[in-house]
Every structure is written in C-alpha cells, then in structure tokens.
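Everything on this sheet refers to the single structure shown next.
Protein chains: 2
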Amino acid sequence: AEDRYPSRVSAQAQITDRKDPVVWGRAGDGPLSEAELRFYEDHGYLSFEQLLGQDELEACLAELDFLRRDEGVKDAPEAVVEPGSRELRSVFAIHRRSEVLRRLCAHPKLVAIARQLLGSEVYIHQSRINYKGGFRGKEFYWHSDFETWHVEDGVPSMRMVSCSIGLTPNTPHNGPLMLVPGSQQRYVSCVGETPDDNYRSSLKRQEVGVPDDASLTRLVEEFGIVAPVGPVGSVTFFECNLMHGSNSNITPLPRSNAFIVYNSLENRPVDPFCGLPPRPDFIAERRDFTPAGEFPPGPMRACGEGS
Amino acid sequence: AEDRYPSRVSAQAQITDRKDPVVWGRAGDGPLSEAELRFYEDHGYLSFEQLLGQDELEACLAELDFLRRDEGVKDAPEAVVEPGSRELRSVFAIHRRSEVLRRLCAHPKLVAIARQLLGSEVYIHQSRINYKGGFRGKEFYWHSDFETWHVEDGVPSMRMVSCSIGLTPNTPHNGPLMLVPGSQQRYVSCVGETPDDNYRSSLKRQEVGVPDDASLTRLVEEFGIVAPVGPVGSVTFFECNLMHGSNSNITPLPRSNAFIVYNSLENRPVDPFCGLPPRPDFIAERRDFTPAGEFPPGPMRACGEGS
C-alpha cells in the first residue's frame, strides 16, 4: 500500500499538511451538532462533562480498583508497569477483560459519536486504562498517536478517534492530558528508525516516534496548549493525529483514564509501514473487525491470549 | 540551642502545629495592607502581577541569558546541573554574582515587604535562579524549605520568607510552582537521617527532608493545592514552612525564576540541628548579616569563593 504519511525514514524531521478530512460525517448522522462538529474540525477535540450514567461509572471505578489490586494482572502481557517499580501504568484490551469494561467500550453514546466523526461503522483498534499514580506519576511525552498507529500498525489514513474517560478527577495539577489544539492539521514526520519490539519499551517511555524540539516548538507557537479538566466521568474525544502529552504528577491525587480508540471499518490496517512485524493484537487490533456497538459479551479472554 | 522543630530523628513521620507567628509585623510597618497581611496569614503566600519596573526586569532577563550560555558558570560550586545532562538547573548566591542581580535581591520594594512580614530588619539567607528547561524539565518534589533550613542550616524559628520572581511566563502547563495554601500552619517532621554533604545530591533530587505520602495526603485533603501563574515579572512571596513543589515541564516553554530568601536578623542560624557541619555559605548565609536593603555593590565574588 502507498505510504501517504512517511515517518522515521529521514534524518530530517518535517512538518507537512494533513491529507485527510478531520470530520468524515455530517450533523444529521449522529448526536453531534453542526457547532460541535465545527469545533472538532478546528481544534481536534471535543469534551463533555457528563455523558455516562452514574451507575455505569461506578461499576467502572470498582473494576479499576479490582485491576489495580490484582498482582496477576501486572504479569499479563497486556499490562505495563512503571519503569523502576511494580506500579501498574496501563492495561490493554480492556474490552476483552471484563463485562463492565466491554460495556464501556461498546457504549451506544460513545460509539454513536465515533461513527459520526468517522462517517462510517467503527471497530475498536485499541482500548486501555492508564493509571498515573500520585506522588511519583511519570510524564507521557508528546506524540501523535497516528504516527505510531500508521508506522507500527499499518493504519493507512487519519480516520480514527480516541476517547478518553476520566476515572479520577483531572485537575490542572495532577498531570492532565495536554493537547495542541489544531495540530491535527499537521503531520510531524519523526526522526529515527523503529527498533524490533519497540512497543515493549515505548509504552513505558516513548523515544522513537516523538516530535523533535523544533517541530514541537513550531506547533505550540502556532496553536498553543489546552488541558481539558473535569470530574470523574468527563469524556474527551480527540483526533488520532492531535499532538498530546502530559506532565508528571507529584500531587497525592492519582490520574486514571480509560482510553478507547475507534477506527473506521474503511481504514483497516495493512502491513506496518516500518517493515517490521505488527504489534500484538491486544495493542493494535488487526483481525477482529466486529462493529464496536455490537462487540459481544463474554467469554472474556484470559491473560496471555492477546489475539 | 533548643530544637523546637525536630525532624529526621524518628522512624515515624509526624504532623505538629506551628509554634511561631506567620505574620510578625503590622499594617502600619510597610506597604502591605491589613487585608494582604491577613491573606498571607491564612494562605501562606501573596502574589503580585507587577511589582518591578520594566527596565529592571529586562536587565535581569539579559543576565539570565548570559548565565545560561556561560560554560564556566556550570562548573562553579554555586551551580547545579540537571542529573544526566549539562543543563543548568540552579545558580546560587546571585546577589554576589552581578550588579543587576544584587540590585534585584536588595530591591527596596521586595525588602520592604519582607521586613513587614518578618517584623524586623532582614538579611539574605539564600538567593538563586532556578531554570526549568522546556521539553525535559524535571519536577521539584514537595518540601517545606524551613525543614531543610532548620535541620541542615540551624535556623531556629519560622521567621523567614521566600520571594519568587518569574523570569519566564509561569503558565498552568509549564510546571508552575504549586503550593498547599495554609500548610505553613503545620510542621511535617520527616523520616530519615541526613547524609554527609546531603546538599550535593538534594539540590538535584531531594530524597531526605521530603514529606511521607500519608502526611502529604493529609495536608492536601485539608488545604488543597494552588498554582499562582503570571507573566514575566510576577512575584510570589511565600512563607518558609509552606509545602510546595512543581511538576515536570514537557512544554517547549521554559520556566525560570529568581528566588530570594530573607531571614529575620533576630533569627540568625545556630549550629545545624542534624549535628553535621553546616552547608556552604553560598547556599545558607551564616556570616554576612548585612541588612538586605543595604547590601553593597561589588566587587562581586569570583566563583568558588562561596563565603
């Protein structure tokens, strides 16, 4: 397949314009208004203080607690622990892990918005929970998710959307998600070659596929930085190519989010553009294209059976 | 001398009440109004958007640039470089380094406020510039300055005030100073023994003299967190026992501050309460008690002659 967004192939970073629409659907196609679609088109994100029911949220919080306490989870391939400690940092493929989290990822309200933004049926490319502990929570450096999903997973086009759901309050102080609004219009091709099994280290600390200082400076000068904050249950949709990251968290307040990536069924992955074998299915789905709203209940896959 | 604030002597952390006034002077003694003094009494800090002249600020910014470019400065004992790189993190004793910085530290407006808050003549216990670079600027973990100044420098009482002057914009995103307002009323005695020459490592990453997780959680539950932000030149006075810290900075915008600590002339240091030799004079003055407003112009001391 043609590589429309080459990255990690040149010794020079480059900023080019986006080649795909940002909004693929229309106001009549779903719950979002014309004004909301225009905001997303311009800024690359859209936040909602309250979209989910209180009972749904409480079930998710209980599940979160359960996962954090389970020592077995930390040894699963789907789990990522903090460098230098056994603190859980992420758990992947949460839509296959429990009924509560499956229902969250297949939630009709979330799926309807994703379908409208992408103008087609959608499936779950990736799902996960991120824990950023209090006191010693580490930063996530700036990146465009699409850059990795394109280069390492072979997703051809920018027709994906991420949905972040606050499972703790996101305050200005506990290392909230920071976005460069409008940056979805630019593609920063990164310097450096993808190492074998890059995901094993990149999920702990990303070193390849991050923008160089000069490109990031240009983006922030052009677009600025915003950090949507909100209570438990607040939801932010953001475009797959939006530059984002977060600072460390020394406050006592942990910052945890569920994170679901919807991809258009018309944008299924091909062979990774970096020429390496694809990442495991629990990080980047490439076989199960069940429409997200129809993702079936159990049996949940056991740890280790990532595909 | 009696140790009224023991710390690093017990295996158990402890939170006790402050034994000293927060405000030592009165409304009639200086530029601060009754309301400003009450705010400081309650919250332990006081911020001003604009206190210094534009020409004074510009001279300081030029000096800052000069210091950052000077490779010789990085090798001075007064300089602290980032762990793992040669990036300058702090330079101490700036009131002895150049005429511009001396004038800043002896600035009549700053000194008048310090004198009023401390109810006496004041001298400069410490002065420094902190650089937090963009992209990879590291966090400063929570601490009460007084805990260190008492244990390692022998300052007997809480009758000191710090003054932080923004030399770059302090935004919500570039790792601004976070304060626990009201925490000046509590003293958290820390666990752990002071190692020899602790300052050599503690200025890069403080590990002794930091609050334990449970104590910090209690303080934040009681008082919350604020992060005063502002343009270049904004000034924050904060009480020596106020719990504070800052997150990392992944934005392209550096965060630099000048930092001056005024101590009451009636609160001169005695032998350090940890029983070790005192830290160098360029970190904690113990010989030159010239009133801050009268601190004389040059000759500036050369690098290495810290006393």
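The listed protein sequences derive, respectively, from chains A and H. Under the working numbering, the residues of the first sequence are numbered 1 to 307, in order. Under the working numbering, the residues of the second sequence are numbered 1001 to 1307, in order. Using N, Cα and C, we set each Cβ at its ideal position, and we do this for glycine too. In this text the structure is predicted, and so the values were computed from the model without any measurement.
Bridge-paired residues (DSSP) for residue i
i, result
"A:T16", "A:Y187"
"H:F1238", "H:Y1045, H:S1162"
"A:G137", "A:N249"
"H:N1170", "H:G1230"
"A:L32", "A:L32 is not bridged to any residue."
"A:S10", "A:V191"
"A:L179", "A:V226, A:H244"
Minimum Cβ-Cβ distance from residue i to chain A less than 8 Å
i, result
"H:G1139", "The sequence as given places Glu at residue 1139 of chain H; Gly does not occur at that position. Answer yes: the Cβ-Cβ gap between H:E1139 and chain A drops below 8 Å somewhere."
"H:V1220", "yes"
"H:L1216", "yes"
"H:G1030", "no"
"H:F1135", "yes"
"H:D1213", "yes"
"H:M1243", "no"
"H:W1142", "yes"
Endpoints, the beta strand (DSSP E) within which residue i is located
i, result
"A:C163", "160-166"
"H:L1088", "1088-1092"
"H:R1128", "1122-1132"
"H:H1244", "1244-1246"
"A:V80", "79-81"
Backbone CA spacing between residue i and residue j [nearest angstrom]
i, j, result
"A:L167", "A:V229", "12 Å"
"H:S1098", "H:L1061", "13 Å"
"A:R38", "H:D1017", "54 Å"
"A:D65", "H:Q1116", "50 Å"
"A:A59", "A:R102", "12 Å"
"H:H1107", "H:V1122", "12 Å"
"A:A93", "A:R128", "6 Å"
"H:C1303", "H:E1285", "Low confidence applies to H:C1303: its pLDDT is 41, below 50, so where it sits in the model is not reliable enough to give any reading."
"H:G1306", "H:P1278", "Bear in mind that a pLDDT of 33 at H:G1306, under 50, signals an unreliable position, so the model cannot answer this."
"A:T320", "A:S164", "Residue 320 of chain A cannot be examined here, being either before or after the span of chain A that is shown, 1 to 307."
"H:K1019", "H:M1243", "16 Å"
"H:R1255", "H:F1140", "12 Å"
"A:V220", "H:H1173", "12 Å"
"H:V1161", "A:E49", "40 Å"
"H:V1091", "A:Q12", "35 Å"
"H:V1080", "A:L179", "32 Å"
"H:V960", "A:A112", "Residue 960 of chain H lies beyond the stretch modelled for chain H, which goes from 1001 to 1307, so this question has no answer here."
"H:D1288", "H:K1132", "29 Å"
"H:Y1005", "H:H1150", "8 Å"
"H:S1010", "A:V100", "46 Å"
"A:A27", "A:E34", "5 Å"
"A:R86", "A:K74", "8 Å"
"A:L52", "A:E147", "30 Å"
"A:H143", "A:L177", "12 Å"
Chain H contact for residue i (CB, 8 Å cutoff)
i, result
"A:S189", "no"
"A:I250", "yes"
"A:I225", "yes"
"A:G306", "Caution is warranted here: a pLDDT of 33 is assigned to A:G306, below 50, making its placement in the model unreliable, and no coordinate value can be reported."
"A:A302", "With a pLDDT of only 46 at A:A302, under the threshold of 50, the placement of this residue in the model should not be trusted; the figure read from the coordinates follows. No, A:A302 does not count as interfacial toward chain H."
"A:N130", "no"
"A:P172", "yes"
"A:M160", "no"
"A:D263", "Per the sequence shown, the amino acid found at residue 263 of chain A is Asn instead of Asp. Output row for A:N263: interface = no."
"A:N257", "no"
"A:G175", "yes"
"A:N247", "yes"
Boundaries (first-last residue) of the alpha helix (DSSP H) holding residue i
i, result
"A:W24", "Here A:W24 belongs to no alpha helix (DSSP H), and DSSP marks it neither H nor E."
"H:A1214", "1213-1223"
"H:V1232", "Counting along the chain, H:V1232 falls outside any alpha helix (DSSP H), and DSSP gives it neither H nor E."
"A:F140", "It is not in any alpha helix (DSSP H) - A:F140 instead sits in the beta strand (DSSP E) that spans 140-143."
"A:A62", "54-69"
"A:A114", "108-118"
"A:E99", "99-105"
"A:R200", "198-202"
Considering only residues of the region 1248-1272 of chain H, which uninterrupted beta strand (DSSP E) runs meet the minimum length of 3 residues and lie entirely inside it, listed in chain order? Here the runs fully enclosed are 1255-1264.
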